[in-house]
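J.: Before I ask anything, here is the structure I am working with.
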Amino acid sequence: MKRKLGAITIGQSPRDDVIPEMSQILGEDIEIIEAGALDGLTKEEISRFAPDEDDYILVSKLNDGTSVKFAEKHILPRLQNCIEKLEEEGAELILFICTGAFPDIFKSNKLIVYPQQIFHGLVPELVGKGKLGIITPDRDQIGQSKSKWAETGIKVEVVAGSPYGNEEELIDAAMALKEMDVDLIVMDCIGYDMAMKKKVVEITTKPVVLARTIVARVVGEILEV
(Lines of atoms letter the chains of each structure in order from A; the text may use other names.)
(Lines give C-alpha, C1' and ligand atoms only; values in the text may rest on other atoms or scores of the structure.)
Protein backbone atom coordinates (compact mmCIF):
# COMPACT_ATOMS: atom_id res chain seq x y z
CA MET A 573 0.00 0.00 0.00
CA LYS A 574 1.24 3.48 -0.87
CA ARG A 575 2.05 5.94 1.90
CA LYS A 576 0.29 9.32 1.60
CA LEU A 577 2.13 12.63 1.88
CA GLY A 578 0.00 15.75 2.23
CA ALA A 579 1.70 18.70 0.52
CA ILE A 580 0.52 22.26 1.18
CA THR A 581 1.45 25.07 -1.16
CA ILE A 582 0.98 28.67 -0.08
CA GLY A 583 -0.23 29.34 -3.62
CA GLN A 584 -2.59 27.24 -5.72
CA SER A 585 -2.51 23.49 -6.21
CA PRO A 586 -1.57 21.38 -8.02
CA ARG A 587 2.08 22.43 -8.17
CA ASP A 588 3.06 20.68 -11.37
CA ASP A 589 6.31 22.66 -11.35
CA VAL A 590 7.36 21.16 -8.00
CA ILE A 591 5.78 17.78 -7.28
CA PRO A 592 7.24 15.77 -10.22
CA GLU A 593 10.84 16.48 -9.14
CA MET A 594 10.03 15.60 -5.54
CA SER A 595 8.32 12.40 -6.71
CA GLN A 596 11.52 11.34 -8.48
CA ILE A 597 13.21 11.25 -5.09
CA LEU A 598 10.29 9.89 -3.06
CA GLY A 599 9.60 7.02 -5.45
CA GLU A 600 6.45 5.20 -6.50
CA ASP A 601 5.51 4.00 -3.01
CA ILE A 602 4.65 7.50 -1.78
CA GLU A 603 1.54 9.23 -3.12
CA ILE A 604 1.49 13.02 -2.89
CA ILE A 605 -1.86 14.69 -2.34
CA GLU A 606 -2.05 18.47 -2.51
CA ALA A 607 -3.90 21.49 -1.18
CA GLY A 608 -3.26 25.19 -1.68
CA ALA A 609 -3.85 28.20 0.54
CA LEU A 610 -5.08 30.21 -2.45
CA ASP A 611 -7.17 27.44 -4.02
CA GLY A 612 -10.54 28.65 -5.27
CA LEU A 613 -9.61 32.33 -5.19
CA THR A 614 -9.59 34.70 -8.15
CA LYS A 615 -6.74 37.10 -8.84
CA GLU A 616 -8.96 39.94 -7.70
CA GLU A 617 -9.57 38.23 -4.37
CA ILE A 618 -5.88 37.45 -3.96
CA SER A 619 -4.97 41.08 -4.68
CA ARG A 620 -6.61 41.98 -1.36
CA PHE A 621 -3.82 40.04 0.36
CA ALA A 622 -1.17 42.50 -0.82
CA PRO A 623 1.46 43.09 1.88
CA ASP A 624 1.78 46.26 3.91
CA GLU A 625 5.15 47.67 4.94
CA ASP A 626 5.73 45.52 8.03
CA ASP A 627 4.12 42.29 6.80
CA TYR A 628 5.96 39.00 6.34
CA ILE A 629 5.99 38.52 2.57
CA LEU A 630 5.41 35.30 0.67
CA VAL A 631 5.72 34.61 -3.05
CA SER A 632 4.09 31.68 -4.82
CA LYS A 633 2.60 30.47 -8.08
CA LEU A 634 -0.97 30.42 -9.37
CA ASN A 635 -2.61 27.88 -11.65
CA ASP A 636 -2.24 30.17 -14.66
CA GLY A 637 1.55 30.10 -14.24
CA THR A 638 1.91 33.63 -12.91
CA SER A 639 3.49 34.46 -9.56
CA VAL A 640 1.90 36.43 -6.75
CA LYS A 641 3.22 38.30 -3.70
CA PHE A 642 1.12 38.56 -0.56
CA ALA A 643 1.19 38.91 3.23
CA GLU A 644 1.44 35.69 5.20
CA LYS A 645 -1.13 36.82 7.78
CA HIS A 646 -3.95 36.59 5.23
CA ILE A 647 -3.51 32.88 4.54
CA LEU A 648 -2.95 31.46 8.03
CA PRO A 649 -6.58 30.30 8.55
CA ARG A 650 -6.60 28.89 5.02
CA LEU A 651 -3.44 26.89 5.77
CA GLN A 652 -5.19 25.28 8.74
CA ASN A 653 -8.06 24.38 6.40
CA CYS A 654 -5.54 22.74 4.06
CA ILE A 655 -4.15 20.65 6.92
CA GLU A 656 -7.61 19.41 7.86
CA LYS A 657 -8.49 18.65 4.23
CA LEU A 658 -5.36 16.56 3.71
CA GLU A 659 -5.88 14.71 6.98
CA GLU A 660 -9.39 13.79 5.86
CA GLU A 661 -7.92 12.49 2.59
CA GLY A 662 -5.61 10.16 4.49
CA ALA A 663 -2.32 12.04 4.64
CA GLU A 664 0.14 10.39 7.04
CA LEU A 665 2.44 13.40 7.15
CA ILE A 666 1.92 17.08 6.31
CA LEU A 667 4.58 19.02 4.40
CA PHE A 668 4.57 22.76 3.79
CA ILE A 669 6.11 23.21 0.35
CA CYS A 670 7.40 26.65 1.26
CA THR A 671 10.64 27.70 2.97
CA GLY A 672 9.06 30.70 4.71
CA ALA A 673 8.80 31.12 8.47
CA PHE A 674 5.41 30.25 9.94
CA PRO A 675 4.02 30.86 13.44
CA ASP A 676 3.53 27.85 15.68
CA ILE A 677 -0.25 27.96 15.53
CA PHE A 678 -1.27 25.02 13.37
CA LYS A 679 -3.04 21.97 14.75
CA SER A 680 -2.73 18.51 13.27
CA ASN A 681 -2.97 14.88 14.30
CA LYS A 682 -0.01 14.24 12.02
CA LEU A 683 3.58 15.42 11.99
CA ILE A 684 4.00 18.74 10.17
CA VAL A 685 7.30 19.28 8.35
CA TYR A 686 8.47 22.86 7.79
CA PRO A 687 11.35 23.22 5.29
CA GLN A 688 12.66 26.31 7.08
CA GLN A 689 13.27 24.29 10.24
CA ILE A 690 15.19 21.68 8.26
CA PHE A 691 17.30 24.39 6.63
CA HIS A 692 18.04 26.17 9.89
CA GLY A 693 19.20 22.93 11.49
CA LEU A 694 21.32 21.78 8.56
CA VAL A 695 22.80 24.81 6.82
CA PRO A 696 24.71 26.41 9.75
CA GLU A 697 26.52 23.10 10.27
CA LEU A 698 27.41 22.94 6.58
CA VAL A 699 28.71 26.49 6.22
CA GLY A 700 30.44 26.65 9.61
CA LYS A 701 32.50 29.84 9.88
CA GLY A 702 32.10 30.52 6.17
CA LYS A 703 29.76 32.92 4.43
CA LEU A 704 26.30 31.83 3.30
CA GLY A 705 24.66 33.11 0.14
CA ILE A 706 20.87 33.13 -0.10
CA ILE A 707 18.76 33.48 -3.23
CA THR A 708 15.21 34.57 -2.43
CA PRO A 709 12.42 35.20 -4.96
CA ASP A 710 11.66 38.91 -4.46
CA ARG A 711 13.64 42.04 -3.56
CA ASP A 712 11.04 42.86 -0.93
CA GLN A 713 11.98 39.62 0.85
CA ILE A 714 15.68 40.44 1.23
CA GLY A 715 15.32 42.20 4.58
CA GLN A 716 13.20 39.48 6.18
CA SER A 717 15.51 36.82 4.77
CA LYS A 718 18.55 38.49 6.34
CA SER A 719 16.72 38.66 9.67
CA LYS A 720 15.62 35.04 9.42
CA TRP A 721 19.10 33.71 8.72
CA ALA A 722 20.78 36.06 11.21
CA GLU A 723 19.00 34.07 13.92
CA THR A 724 21.34 31.15 13.15
CA GLY A 725 24.43 33.25 13.91
CA ILE A 726 26.09 32.79 10.53
CA LYS A 727 27.40 35.38 8.07
CA VAL A 728 24.94 35.82 5.24
CA GLU A 729 24.48 37.66 1.95
CA VAL A 730 21.02 37.76 0.35
CA VAL A 731 20.13 38.45 -3.28
CA ALA A 732 16.86 38.19 -5.18
CA GLY A 733 16.06 36.19 -8.30
CA SER A 734 12.59 34.82 -8.92
CA PRO A 735 12.05 31.18 -9.88
CA TYR A 736 8.90 32.37 -11.64
CA GLY A 737 10.44 35.17 -13.72
CA ASN A 738 12.87 35.19 -16.62
CA GLU A 739 16.20 33.38 -16.41
CA GLU A 740 18.17 36.63 -16.40
CA GLU A 741 16.97 37.39 -12.86
CA LEU A 742 18.48 34.17 -11.58
CA ILE A 743 21.68 34.64 -13.57
CA ASP A 744 22.11 38.13 -12.12
CA ALA A 745 21.55 36.77 -8.60
CA ALA A 746 24.15 34.05 -9.12
CA MET A 747 26.65 36.54 -10.53
CA ALA A 748 26.15 38.78 -7.50
CA LEU A 749 26.87 35.90 -5.11
CA LYS A 750 29.96 34.98 -7.12
CA GLU A 751 31.26 38.52 -6.61
CA MET A 752 30.51 38.26 -2.89
CA ASP A 753 32.61 35.06 -2.73
CA VAL A 754 30.21 33.10 -0.55
CA ASP A 755 31.10 29.57 0.54
CA LEU A 756 27.68 27.91 0.28
CA ILE A 757 24.48 28.91 -1.51
CA VAL A 758 20.91 28.14 -0.47
CA MET A 759 18.12 28.55 -3.02
CA ASP A 760 15.55 29.59 -0.45
CA CYS A 761 12.25 28.79 -2.15
CA ILE A 762 10.58 25.53 -3.16
CA GLY A 763 9.99 27.08 -6.60
CA TYR A 764 13.64 26.73 -7.63
CA ASP A 765 14.18 23.55 -9.64
CA MET A 766 17.09 21.26 -10.50
CA ALA A 767 17.89 23.06 -13.75
CA MET A 768 18.07 26.37 -11.89
CA LYS A 769 20.42 24.83 -9.34
CA LYS A 770 22.66 23.57 -12.12
CA LYS A 771 22.81 27.07 -13.61
CA VAL A 772 23.79 28.62 -10.26
CA VAL A 773 26.49 25.97 -9.74
CA GLU A 774 27.89 26.63 -13.22
CA ILE A 775 28.08 30.39 -12.62
CA THR A 776 29.39 30.38 -9.05
CA THR A 777 31.31 27.07 -8.88
CA LYS A 778 30.07 26.87 -5.29
CA PRO A 779 28.07 24.12 -3.55
CA VAL A 780 24.34 24.80 -3.78
CA VAL A 781 21.51 23.48 -1.60
CA LEU A 782 18.12 23.15 -3.30
CA ALA A 783 15.07 23.28 -1.05
CA ARG A 784 12.75 20.85 -2.84
CA THR A 785 15.27 18.02 -3.08
CA ILE A 786 16.57 18.34 0.49
CA VAL A 787 13.01 18.33 1.82
CA ALA A 788 11.99 15.37 -0.35
CA ARG A 789 14.88 13.33 1.01
CA VAL A 790 13.96 14.10 4.61
CA VAL A 791 10.30 13.26 4.03
CA GLY A 792 11.29 10.08 2.21
CA GLU A 793 13.32 8.99 5.24
CA ILE A 794 10.31 9.53 7.50
CA LEU A 795 7.81 7.69 5.29
CA GLU A 796 10.06 4.92 4.01
CA VAL A 797 8.91 1.51 5.16
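Mapping the sequence shown onto my numbering, position 14 (from 1) lands on 586, and the numbers just tick up by one. Don't be surprised by glycine CBs; every beta carbon is placed ideally from N, CA and C. Quantities reported herein were computed from a predicted structural model and do not represent experimental measurements.
Do you know how far the Cα of valine 728 is from the Cα of lysine 703?
T.: To locate residue 703, count along the sequence shown from 1; it is residue 131. To locate residue 728, count along the sequence shown from 1; it is residue 156. Each residue's Cα considered, the two are about 6 Å apart.
J.: Skipping 5 residues on each side, what residues in its chain have a beta carbon closer than 6 Å to that of lysine 615?
T.: The sequence position of residue 615 within the sequence shown is 43, counting from 1. Counting only Cβ-Cβ distances below 6 Å, and skipping sequence neighbours, we find nothing.
J.: Taking C-beta to C-beta, are serine 632 and isoleucine 714 nearer than 7 Å?
T.: Residue 632 sits at position 60 when you count from the first residue of the sequence shown. Residue 714 sits at position 142 when you count from the first residue of the sequence shown. No.
J.: Would you tell me roughly how many angstroms separate the C-alpha atoms of arginine 789 and glycine 693, rounded to the nearest one?
T.: Residue mapping note: residue 789 aligns to position 217 of the sequence shown, counting from 1. Residue mapping note: residue 693 aligns to position 121 of the sequence shown, counting from 1. Answer to the nearest angstrom: the Cα atoms are 15 Å apart.
J.: For valine 780 and isoleucine 707, what's the separation of their Cα atoms in angstroms?
T.: Here residue 780 is taken as the residue at index 208 of the sequence shown, counted from 1. Here residue 707 is taken as the residue at index 135 of the sequence shown, counted from 1. Note on geometry: alpha-carbon atoms of valine 780 and isoleucine 707 lie some 10 Å from one another.
J.: Applying the criterion that 16 or more other CB atoms from any shown protein chain within 10 Å of the CB defines a buried residue, is glutamate 644 buried or exposed?
T.: Position 72 of the sequence shown holds residue 644. Around the beta carbon of glutamate 644, a 10 Å sphere encloses 16 or more other beta carbons of the protein chains shown; the residue is thus reported as buried.
J.: Is it true that the stretch 618-635 meets the stretch 573-591, where meeting means three or more beta-carbon pairs spaced less than 8 Å apart?
T.: yes
J.: Quick one: using the 10 Å Cβ neighbour count with 16 as the cut-off for buried, is threonine 671 buried or exposed?
T.: Reading the sequence shown from its first residue, position 99 is the one you call residue 671. Result: buried.
J.: Could you say if the stretch 762-775 and the stretch 646-666 meet the contact criterion of at least three C-beta pairs nearer than 8 Å?
T.: no
J.: Which first and last residues belong to the alpha helix (DSSP H) in which methionine 573 is found?
T.: Here residue 573 refers to the residue found at position 1 of the sequence shown. Segment: none, methionine 573 is in no alpha helix (DSSP H) and carries neither H nor E.
J.: Which class does glutamate 600 belong to by DSSP, given the choice of helix, strand or coil?
T.: Here the question's residue 600 lines up with position 28 in the sequence shown. Looking at glutamate 600 - three-state DSSP - the assignment turns out to be coil, as it is neither helix nor strand.
J.: Cα-Cα, which of Arg784, Thr785, Lys778, Gln689 is closest to methionine 752?
T.: Locating residue 752 in the sequence shown gives position 180, where the first residue counts as 1. That would be Lys778, whose Cα lies nearest to the Cα of methionine 752.
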